[in-house]
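Q: This structure is in structure tokens; I'll ask about it shortly.
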Amino acid sequence: MKTILIVDDEPRTRLGIQKTLVAWSAGRHRIESAASGVQALEWLETNTAHIIITDVRMPEVDGLQMLERLSMWGPLPVVIVISGYAEFEYAKKSLQLGVFEYILKPLDKSILIDAVQRAFELDSGRERLDAMEKLVDRKLLEVGRDEARYATAIKDAISYIYAHLHEPISMKQVAELLHLNASYFSVLFKEQTGVTFSDYLTRRRLQKAKELLVTTRIPIWEIAEKVGYQTDKYFIKVFKDNEGTSPSQYRHQVLDTEQSIQ
Numbered sequence: 001m002k003t004i005l006i007v008d009d010e011p012r013t014r015l016g017i018q019k020t021l022v023a024w025s026a027g028r029h030r031i032e033s034a035a036s037g038v039q040a041l042e043w044l045e046t047n048t049a050h051i052i053i054t055d056v057r058m059p060e061v062d063g064l065q066m067l068e069r070l071s072m073w074g075p076l077p078v079v080i081v082i083s084g085y086a087e088f089e090y091a092k093k094s095l096q097l098g099v100f101e102y103i104l105k106p107l108d109k110s111i112l113i114d115a116v117q118r119a120f121e122l123d124s125g126r127e128r129l130d131a132m133e134k135l136v137d138r139k140l141l142e143v144g145r146d147e148a149r150y151a152t153a154i155k156d157a158i159s160y161i162y163a164h165l166h167e168p169i170s171m172k173q174v175a176e177l178l179h180l181n182a183s184y185f186s187v188l189f190k191e192q193t194g195v196t197f198s199d200y201l202t203r204r205r206l207q208k209a210k211e212l213l214v215t216t217r218i219p220i221w222e223i224a225e226k227v228g229y230q231t232d233k234y235f236i237k238v239f240k241d242n243e244g245t246s247p248s249q250y251r252h253q254v255l256d257t258e259q260s261i262q
């Protein structure tokens, strides 16, 4: 469930926006509110907002100051600024902060809802882009780019891994196939590729898993088998440890093509 945070020191406006969005959302989204920029920042320390709707003029910390502080914590969520003043400096500063929409009071409900719908579209687009960027393992790209200069044994090891991802693979096993001492092979692999054998194998398995997640609808347990994991539970743990999200969440982020909120 995604969250909208409304920040406005005027109770009537704040409650009016909240009531409108609660009715529109019909329980699909979490609608929160804060009576000041200070209160909003305190709430955001332990909570996540996907969309922020904030007034400009507020005591202590105004809307733009709040956004400036929030931007120091990381990328801003999608922001809609509301103001009772058509002042150029407010609009200019909003643009500089990357604010999505600037709406003047008194608020028209249809304009507000339209802005929120478009804000959710942008938020979903950001999530899909982030997930797609994670699809490619840059370290694997580096290894592949330099493969031509590797020793024959390392090239053969990489080829073997790629062809047998669905099988149990150990470094000792691959070293024996190449007629090399396991310790020597371990040092040579790390020296030439820049990553350990174990790290490369995990990256290659997860790369294949991500490709299957976004190009097929086969279940998670079957993907786990196809990339060499004996149980889906362990596969999910490894995937989450490395990617920061579960395989099903990753698939949802990339494949969710919903373009509007009905």
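Last residue of the sequence shown: number 262 in the UniProt record's numbering, and the count goes up by one each step with no gaps.
The beta carbon of each residue, even a glycine, is placed where N, CA and C say it ideally should be.
(1) Measure the CB-CB distance between L76 and I17 and report whether it falls below 8 Å.
(2) Nearest to I113 by CA position, among T245, S170, I4, is which residue?
(3) Going by alpha carbons, who is nearest to K105 out of N242, V254, E87?
(4) With 16 as the cutoff for other CB atoms within 10 Å, does L95 come out buried or exposed?
(5) How many angstroms separate the CA atom of S246 from the CA atom of L135?
(6) What's the C-alpha gap between K237 and Y90?
(7) Check each candidate in D232, E142, E42, W24 and name the one with the smallest Cα separation from residue 264.
(8) Using 10 angstroms around the beta-carbon of E101, count the other beta-carbons present and answer buried if the total reaches 16, otherwise exposed.
(9) Which runs of the alpha helix (DSSP H) spanning at least 4 residues fall entirely within the region 196-250, listed in chain order?
(10) Taking the DSSP output, what are the residues bridged to A34?
(11) Can you tell me whether Y85 is helix, strand or coil according to DSSP?
(12) Leaving aside the five residues before and after K139 along the sequence, list all residues of the same chain whose C-beta is less than 7 Å from its C-beta, in chain order.
(13) Going by DSSP, which residues form a beta bridge with Y102?
A: This is what the structure gives:
(1) no
(2) I4
(3) E87
(4) exposed
(5) 13 Å
(6) 47 Å
(7) Any answer about residue 264 is impossible in this case: the structure gives the chain only from 1 up to 262.
(8) buried
(9) 197-215, 220-226, 232-243
(10) V7
(11) coil
(12) V195, R203
(13) V81
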